[in-house]
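Protein chains: 2
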Amino acid sequence: MAKKQWSSIKVFAPASVANLGSGFDVFGLALTGPGDIISVANNSGKGLIIKAITGDKGLLSKVAEENTATVALKSFLQAIGKPISLDVRIHKKMPLGSGMGSSAASAVGAVFAANVLYGSPLKKAELVRWAMEGERVASGVAHADNIAPSMLGGFTIVRSMDPFEVIQIPVPKRMYIALVHPYVHVRTSDARAVLPKNILLKTAIRQWGNTASLIAGMYSNDIALVGRSMEDFIIEPARKSLIPFYEKVKEQALLNAASGCSIAGAGPSIVAICDGLSIAKKVGDAMQDVFNKNKIKSQVYISPIDLKGARVLNKK
Amino acid sequence: MAKKQWSSIKVFAPASVANLGSGFDVFGLALTGPGDIISVANNSGKGLIIKAITGDKGLLSKVAEENTATVALKSFLQAIGKPISLDVRIHKKMPLGSGMGSSAASAVGAVFAANVLYGSPLKKAELVRWAMEGERVASGVAHADNIAPSMLGGFTIVRSMDPFEVIQIPVPKRMYIALVHPYVHVRTSDARAVLPKNILLKTAIRQWGNTASLIAGMYSNDIALVGRSMEDFIIEPARKSLIPFYEKVKEQALLNAASGCSIAGAGPSIVAICDGLSIAKKVGDAMQDVFNKNKIKSQVYISPIDLKGARVLNKK
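Going line by line, the protein sequences match chains R and C.
Residue numbering for the first sequence follows our numbering, beginning at 105 and increasing consecutively.
Residue numbering for the second sequence follows our numbering, beginning at 105 and increasing consecutively.
See the structure below:
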């Protein structure tokens, strides 16, 4: 049976949090609530055109070669042999440069929408590698740690880039995320520059003891184990000084019974893993209080893990 | 109810394989078959005496201060406030210096036996840290990666040494080990000396992508995933030249459908993870063939994972 082709598709791609402490560059999870709403529509050979971007405070480029959504889209359309010709509309229902995977959500949404538009020739898992191409524009490197959870939902491990393999992990029902996004700017280039190029083998061993144990915690519904296995001996020590009051915020999260706390992606957002909604709310308030007291505006997100990933909102 | 105290206890502690490729210093599993048979008996204040060691070809020291079993035993007896006075008999039902956790089996067996002798005041998981003291004699460092699986059985992660935490992981039913022990000598000091002190962060990231994914494979009964997640970018490249014909043996293991293959502990044994007994037998034969053709004697062990760990054989 030939699959139906559509003239216009509107989708949602969730925000996501990469790293989760010990799992730098390999772990990621999808958030419930924030994300990108993206529509693509056939435009009869007019080329790849960004018709509108809203919710971005005018910060994103409408030039197709500069926007992560259209860069990813172009590589995908080439791959499936379809014309590089669509109208694209992007609505950011999430902050930019926050550590919440904004560029990933755009790339995921655009590629996922185009796939549906053409009758879903590829599976979601197969779309990840094309969406990754958008990350090259955003950060200079094709990363999948935000792309994979935004596309697939849930919690993902990027096991290997070559050959490319992503593994989806079950999520404990009681796991909630409390995330605070302070309105400060951390340049991705700075966040990369402070990282050590070399690390001690013995430090790496402690780190992979934690990455392995974090996955054991996910499968065994042991949120406390997940939390303490987030401990990161390499990235957090290098990056924490880029985020004002980071240590105080983390201290408050743990004092209020967060199971674990670390930097969300490259920051400046700070993410806490919590056992249940009521703890997550308390933790979110306590984290925001630190920024309030220090006159830094911030936004809190309290959410379970989004298990669906990218999904269709509307088809025409 | 006061627990019964015994005058003599005979126990078995299984051999074990540490590292499993990507999980250097943190992963370990227990083997079915080889191990140590150890008896301890009250000797009415005569001190800690090794009465007999058999199966060791005369290689092990009977001086209590030099033997891993009695060193671990002494630290344990001090900890539980019992007299440092037992007769100890050790029968090695496994090779020494093989990468199969010989010193760990001795330390585990001795501490476990003494705990039972005194009415089991501590749980098995609590005994691990005392058995570890024996590893200080064997390798200069208190390691738990062989101790934990020999004591607890199954597959273990040493998440953290300080605070000390070991996590036990479920084992896929169809998982079999094929291990070949070539009769060549690899000094533990050489095996340590060839390791890099520093590694690239980007290499460490690839490694912990694998440690995390290996645990996902264990929980999801995906032995193929376990196998390919054994890939080790750090230790195997440094150590493989210490083991003659290592690459050929590994090649034969994988050609014969092993899911993964790596160095067992510090070597010289080579361990393959296999999906089912019949593959394990074929893999064991193929690995041994390489040594046979090159006139190196070897022994093959085919076994499921030992799920029991240390256990009592006899009480008097």
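In this text, a Cβ means the ideal position worked out from N, Cα and C, and glycines have one as well.
Quick one: which chain C residues come within Cβ less than 8 Å of residue i?
i, result
"R/G127", "W312, A316"
"R/I309", "F128, D129, V130"
Here's the rule: buried if 16 or more other CB atoms are within 10 angstroms of the residue's CB, otherwise exposed. What is residue i?
i, result
"C/P199", "buried"
"C/H247", "buried"
"R/P341", "exposed"
"R/T315", "buried"
"C/Y323", "buried"
"C/P253", "buried"
"C/G223", "exposed"
"C/E239", "buried"
"R/L181", "buried"
"R/D249", "buried"
"C/V232", "buried"
"C/N123", "buried"
"R/S293", "exposed"
State the DSSP-derived secondary structure class of residue i, mapped to helix, strand or coil.
i, result
"R/P199", "coil"
"R/F216", "helix"
"C/V416", "strand"
"C/Y323", "helix"
"R/F268", "strand"
"C/D410", "coil"
"R/N302", "strand"
"C/S366", "strand"
"C/D389", "helix"
"R/S243", "helix"
"R/D294", "helix"
"C/M236", "helix"
"C/V112", "Here the sequence assigns Ser to residue 112 of chain C, which means Val is not the residue at that position. Note: C/S112 maps to strand in three-state DSSP."
"C/G205", "coil"
"C/K397", "helix"
"C/F349", "coil"
"R/G223", "coil"
"C/I339", "helix"
"R/N314", "helix"
"R/K354", "helix"
"C/E170", "coil"
"R/L181", "helix"
Using a Cβ-Cβ cutoff of less than 8 Å, which residues in the same chain neighbour residue i once the five nearest sequence positions on both sides are dropped?
i, result
"R/R343", "A295, V298, L299, I367, A370, G371"
"R/L190", "V144, A145, N146, N147, L152, I153, L177, L181, A218, L221"
Would you list the residues sitting across from residue i in a DSSP beta bridge?
i, result
"R/D140", "R/A117, R/K196"
"R/A259", "Residue identity check: residue 259 of chain R is Phe in the sequence provided, not Ala. Partner(s): R/L133, R/I273."
"C/D191", "C/A145, C/I153"
"R/T158", "R/H195"
"R/H285", "R/Q403"
"C/A122", "C/G132"
"C/I374", "C/V284, C/I367"
"R/D379", "R/M279"
Given that residue i touches chain R, what residues does it touch there, using C-beta distances under 9 Å?
i, result
"C/K301", "L304, L305, K306"
Using a cut-off of 7 Å between C-beta atoms, extract the partners of residue i located in chain R.
i, result
"C/S366", "Ordered by position in chain R, no residue passes the 7 Å Cβ test against C/S366, which lies about 15 Å from the chain."
"C/R263", "G313, N314, S317, S333"
"C/I273", "A320"
Suppose the cutoff is 6 Å on Cβ atoms and the five residues either side in sequence are ignored; what does the same chain contact list for residue i look like?
i, result
"R/A384", "Y280, A282, C378, I406"
"R/R291", "none"
"C/Q403", "H285"
"C/P408", "T136, Y280"
"C/I273", "F259, M322"
"R/D226", "This sequence places Leu at residue 226 of chain R; Asp is not what is there. Closer than 6 Å at Cβ, skipping near neighbours: N219."
"C/G213", "V115, A117, D140, I142"
"C/I61", "Outside the modelled stretch of chain C, which goes from 105 to 420, sits residue 61 of chain C, for which no answer is possible."
"C/G388", "A282, V404, I406"
"R/S317", "S333"
"C/I347", "G371, P372"
Ordered along the chain, which non-local residues of its own chain (more than five positions away) have a Cβ less than 7 Å from that of residue i?
i, result
"C/K431", "The question about residue 431 of chain C has no answer here: the residues shown for chain C are numbered 105 through 420."
"R/Y350", "K344, I374"
"C/F337", "T307, R310, Q311"
"C/E237", "V175, A176, S179, A246"
"C/V394", "F349, K352, V353, Q356"
"C/Y287", "I400, K401, S402"
What in chain R is Cβ-close to residue i, meaning under 8 Å?
i, result
"C/I338", "L305, A308"
Using a Cβ cut-off of 9 Å, pull out every chain C residue sitting near residue i, in sequence order please.
i, result
"R/Y323", "I273, P274, I319, A320, M322, Y323, S324"
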